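**Q**
2 protein chains.
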Amino acid sequence: MRVMVLGGDGYLGWPTALYLSARGQEVIAVDNLVRRTYDTELGTASLVPIADLERRATVWNDLTGRTVSYAIGDITDYEFLTSTFRAFMPEAVVHFGEQRSAPYSMIDRSHAVYTQVNNIVGNLNVLFAIGEIDPSVHLVKLGTMGEYGTPNIDIEEGFIEITYKGRTDTLPFPKQPGSFYHLSKVHDSHNLAFACRAWGLRATDLNQGIVYGHVTDETVMHPELATRFDYDAVFGTVLNRFVVQVVAGNPLTVYGRGDQTRGMLNIKDTVRCIELALIHPAQPGEYRVFNQFTESFSINEIAALVVGALDGEHKIEHLTDPRVELEEHYYNAAHTKLVDLGLVPHLLDADTICRLAAIVREWRDDIDPSVMEPTIEWRATALPDARREGPASLPGVLENVAGA
Amino acid sequence: MRVMVLGGDGYLGWPTALYLSARGQEVIAVDNLVRRTYDTELGTASLVPIADLERRATVWNDLTGRTVSYAIGDITDYEFLTSTFRAFMPEAVVHFGEQRSAPYSMIDRSHAVYTQVNNIVGNLNVLFAIGEIDPSVHLVKLGTMGEYGTPNIDIEEGFIEITYKGRTDTLPFPKQPGSFYHLSKVHDSHNLAFACRAWGLRATDLNQGIVYGHVTDETVMHPELATRFDYDAVFGTVLNRFVVQVVAGNPLTVYGRGDQTRGMLNIKDTVRCIELALIHPAQPGEYRVFNQFTESFSINEIAALVVGALDGEHKIEHLTDPRVELEEHYYNAAHTKLVDLGLVPHLLDADTICRLAAIVREWRDDIDPSVMEPTIEWRATALPDARREGPASLPGVLENVAGA
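If you're matching them up, the sequences are chains U and R in order.
Quick note: the first sequence uses the working numbering, first residue 1, plus one each step.
Quick note: the second sequence uses the working numbering, first residue 1001, plus one each step.
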């Protein structure tokens, strides 16, 4: 199968490209490399050094004889997207190519606008490219469990059968996203569903939980195949950050009471889920949603698991929650569709945490504890500091849109 | 009350500005005049000639001694928006300032992208301006009944109490919009709800039905106070267009079977609904939704009413429906909240239709029947003609976003 991986230089996009390539798929990784630019903007870096995209691809080819080709450019630039599309003619597109940090989208107005324009326009361009060039292409789009928020009823996979005043219909699950980033994914989902209905496109929307871990069977083959390891307050996610805090001898910082419950999954399951969606594609005209996570934990439970798995004394510190979220809530979200397709989850255990800690210890001297402190206050419209001026130096999207 | 009317030069924005001014409110009309540019792009024009914004404001002042001030600029330009906001310091903002045609958004990719970027960024800017300058400002935002689509259950006003697997919650009503324009309004609604939750803003989201009619008590006072009269297939709406077709001696063109049912209201009720929302504002932190229409009709019923009201022989022609919509469906939408606040509807009757026809007869020689023919096929990704190149000449939005 010919698979185009958008965002193929990122934390999950790169391991996905390798995983598919290792299984004999023909893969092109497409990326504008802007994730590396966010690092420059924020004064952060991947804890584990990462090779550039060209080098990664070369190492993969040298090591395995397999090819991950790549194209560097921005999918908000429709000319770039369609010329890359026509040159490769994919049978499936996996779309990781969006700004994916909720805190980043909450920095200030320009980051909110940037996140929504970048994500919405990129996704619209992908829909139009498929519609205009080859509507039979299966789109596998990354969304987030955060689209649902925390309703006081069970969360289903994308749709819910509602019986109301004696009538019944199956409708899109109501969405209550909690940041401009999460909102952008909700907007994408609505646009996606419409394109399937209007043009007969086929799409799988993967509402993914919080991913933890760092290695897959492929990235571990060579240091220059490693993917990103983010632990900062803007792009780092909770379990990975807790492990870094323990290794650095800092307290684990829990936002608020810590009873917030979220779906989570191992990076090894992310790549397998993408494969499962690809080999069992949506039907023409079908818009389907899979909830892509394997276990639910509260933040306190994650902290306890990390503390229990790693030696030494650990302190847990509760910070005022900077986010707009309920600290106590009901949470019961379905996630059977990917299991039905064959997913055998890597469940979170002490061994997984210890292996992660071993990686972190290797790069212990490079840990910058200051970047783990949350400075973005979601209940304010902007940061009161210089970051206010926004992503003026970010390449691509806004100029591309203007040029459209 | 100091009220800022965004889109104050448009079909409904201008009559709203006059209506509020006549009742003693201090009003500023803000507009980038782009609606007039769409006419140039599409080769259309308002059937009733309209004065420019400066002239309109002068005539109003000469006639009544009251002032509608105005500012010409684009709300996607945050500097323009905030400087206008700070100079006027509104107590309420009425937001009509969006691209409001569904067919326009379906012309091709660039019109879809333009519509969503223009509407979403403008609305985000309004939210940030209120949040940063004066969070006590009440935002009255125009949405559309088209956000809901046609579910097989009763449509409520914005929220629905769902009982599911033994648990109950009141959640946002699931949305199934049917064009990139309708989608943009759904995106706005989600962003709006979040801003109220995160920042304590107060907002009323008016999900408006299809507006018909042309005059209000104020616009009728002088020919140069007239608002637009659109009858073309892109910006014209169904009842107004049917009346033009009858006067021109053309068949009434019904899309598809004509059993599509929609909520409708007289333009005189639009301006009153805005006033009702303003004088009974949402509470701080409250995001509320009113369904703003007074009666539901199927397209066939509208056609029958027009035919019944106007003399002569009339032919009804059913065209293949270019839209993505069900031709037969359940429709029962709540609309009691505005009535509870005091709305006394102008119901549709033969007299209303005759008065509308009298206006159209005055400008009969200027009717261009060719613009009433629907040429935009919603089930294709683009028009197969020169319009494909898109709104490259449209001022403002995309450059403003790039400059953000």
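Glycine residues also receive a C-beta, built at the ideal position from the N, C-alpha and C atoms.
Note that the coordinates shown come from a computational prediction; the quantities given were computed from them, not determined experimentally.
Please report whether the beta-carbon of arginine 109 of chain U lies at a distance below 8 Å from any beta-carbon of chain R.
**A** For arginine 109 of chain U, the answer is yes, since a Cβ of chain R falls inside 8 Å of its Cβ.
**Q** In terms of alpha-carbon separation, which member of R:Arg1272, R:Ile1299, R:Asp1368 lies closest to histidine 1318 of chain R?
**A** Histidine 1318 of chain R has its Cα closest to that of R:Ile1299, out of R:Arg1272, R:Ile1299, R:Asp1368.
**Q** Quick check: what's the CA-CA separation for lysine 141 of chain U versus leucine 278 of chain U?
**A** Looking at the two C-alpha atoms, the distance is approximately 11 Å.
**Q** Helix, strand or coil, according to DSSP, for arginine 1086 of chain R in the structure here?
**A** Here arginine 1086 of chain R sits in helix by DSSP.
**Q** Counting only beta-carbon atoms, is asparagine 1118 of chain R nearer than 8 Å to chain U?
**A** Cβ-Cβ to chain U under 8 Å: no for asparagine 1118 of chain R.
**Q** For asparagine 240 of chain U, name the three-state secondary structure that DSSP assigns.
**A** The answer is helix: DSSP assigns asparagine 240 of chain U an H, G or I state.
**Q** For histidine 187 of chain U, decide whether its Cβ has a neighbour in chain R, counting only Cβ atoms nearer than 8 Å.
**A** Taking Cβ atoms only, chain R reaches closer than 8 Å to histidine 187 of chain U, which makes this a yes.
**Q** Does leucine 347 of chain U pass the burial test, meaning 16 or more other C-beta atoms within 10 Å, or should it be called exposed?
**A** With fewer than 16 Cβ atoms within 10 Å of its Cβ, leucine 347 of chain U is classed as exposed.
**Q** Under 8 Å between the Cβ atoms of asparagine 291 of chain U and asparagine 191 of chain U?
**A** In this structure, asparagine 191 of chain U does not lie closer than 8 Å to asparagine 291 of chain U by Cβ.
**Q** Taking the continuous alpha helix (DSSP H) assigned at proline 345 of chain U, which residues delimit it?
**A** Element bounds for proline 345 of chain U: n/a, residue is neither H nor E.
**Q** List, in order along the chain, the chain R residues whose C-beta lies closer than 7 Å to that of tryptophan 199 of chain U?
**A** Within chain R, the residues near tryptophan 199 of chain U are Arg1379, Thr1381.
**Q** For the alpha helix (DSSP H) containing glutamine 1292 of chain R, name the first residue and the last one.
**A** Segment 1287-1292 is the beta strand (DSSP E) holding glutamine 1292 of chain R; no alpha helix (DSSP H) there.
**Q** Is there a Cβ of chain U sitting closer than 8 Å to that of asparagine 1207 of chain R, yes or no?
**A** Chain U, which has no Cβ nearer than 8 Å to the Cβ of asparagine 1207 of chain R, makes this no.
**Q** Using a C-beta to C-beta distance shorter than 8 Å, which residues of chain U count as neighbours of valine 1121 of chain R?
**A** Per Cβ cutoff of 8 Å: Val113, Gln116, Val117.
**Q** By alpha-carbon positions, which one of R:Glu1328, R:His1329, R:Pro1322, R:Glu1301 ends up nearest to isoleucine 1316 of chain R?
**A** Nearest C-alpha to isoleucine 1316 of chain R: R:Glu1301.
**Q** Specify the secondary structure class of tyrosine 1011 of chain R as computed by DSSP and reduced to three states.
**A** Three-state result, tyrosine 1011 of chain R: coil.
**Q** If you compare alpha carbons, which of R:Pro1251, R:Leu1239, R:Val1254, R:Pro1281 is closest to asparagine 1266 of chain R?
**A** If we check each option's Cα against that of asparagine 1266 of chain R, R:Leu1239 comes out closest.
**Q** Return the CA-CA distance between isoleucine 1130 of chain R and serine 1136 of chain R, expressed in angstroms with no decimal places.
**A** Each residue's Cα considered, the two are about 8 Å apart.
**Q** Does DSSP put alanine 1198 of chain R in a helix, a strand or coil?
**A** Helix, per DSSP.
**Q** Quick one: does the C-beta of aspartate 9 of chain U sit closer than 7 Å to a heavy atom of the ligand ZN?
**A** Among the ligands in the structure shown, none appear at all, so the ligand ZN cannot be discussed.
**Q** Does the distance from the C-beta atom of valine 1003 of chain R to that of leucine 1020 of chain R stay below 8 Å?
**A** Cβ distance < 8 Å, so valine 1003 of chain R and leucine 1020 of chain R count as in contact.
**Q** Consider the Cβ of isoleucine 153 of chain U: report whether some Cβ of chain R lies at a distance smaller than 8 Å.
**A** True, the Cβ-Cβ gap to chain R drops below 8 Å.
**Q** Could you check what DSSP says for proline 1369 of chain R in three-state terms: helix, strand or coil?
**A** If DSSP states are grouped into helix, strand and coil, proline 1369 of chain R belongs with the helices.
**Q** Is it the case that the Cβ atoms of asparagine 207 of chain U and methionine 145 of chain U are separated by a distance below 8 Å?
**A** Contact flag set, yes.
**Q** Could you name the residues of chain U that proline 1172 of chain R contacts, counting a contact when the two beta carbons are closer than 8 Å?
**A** Residues of chain U passing the Cβ test: Pro174, Lys175, Gln176.
**Q** I'd like the list of long-range same chain contacts for threonine 294 of chain U, defined as Cβ closer than 6 Å, with 5 residues on each side in sequence excluded.
**A** Around threonine 294 of chain U: Leu265, Asp269, Pro345.
**Q** Compute the Euclidean distance between the alpha carbons of glycine 1249 of chain R and tryptophan 1199 of chain R, then round it to the nearest angstrom.
**A** Looking at the two C-alpha atoms, the distance is approximately 55 Å.
**Q** Strictly by DSSP, which residues pair up with lysine 141 of chain U?
**A** Lysine 141 of chain U is bridged to U:His95, U:Asp205.
**Q** Distance cutoff 8 Å, beta carbons only. Does phenylalanine 1194 of chain R sit that close to anything in chain U?
**A** Answer yes: the Cβ-Cβ gap between phenylalanine 1194 of chain R and chain U drops below 8 Å somewhere.
**Q** Given 8 Å as the limit, is there contact between the stretch 362-373 of chain U and the stretch 42-51 of chain U, that is, 3 or more CB pairs closer than that?
**A** The stretch 362-373 of chain U vs the stretch 42-51 of chain U: in contact.
**Q** Please look up how many angstroms separate the CB atoms of tyrosine 164 of chain U and isoleucine 1153 of chain R, rounded, as I've assumed it's under 8 Å.
**A** Yes, tyrosine 164 of chain U and isoleucine 1153 of chain R are in contact; Cβ-Cβ is about 4 Å, under 8 Å.
**Q** Just the chain U side, please: which residues come within less than 7 Å of asparagine 1191 of chain R by C-beta, in chain order?
**A** Here the neighbours are Leu183.
**Q** Whole angstroms is fine: what's the gap from aspartate 74 of chain U's alpha carbon to leucine 81 of chain U's?
**A** Going by the C-alpha atoms only, they are around 7 Å apart.
**Q** What's the call for proline 1049 of chain R, buried or exposed, on a 16-neighbour Cβ count within 10 Å?
**A** Under this definition proline 1049 of chain R is an exposed residue.
**Q** Assign glutamate 1098 of chain R to one of two classes, buried (16 or more other C-beta atoms within 10 Å of its C-beta) or exposed (fewer than that).
**A** Flag for glutamate 1098 of chain R reads buried.
**Q** Is there contact here, the stretch 1025-1035 of chain R with the stretch 1061-1078 of chain R, by at least three beta-carbon pairs under 8 Å?
**A** Segments in contact, yes.
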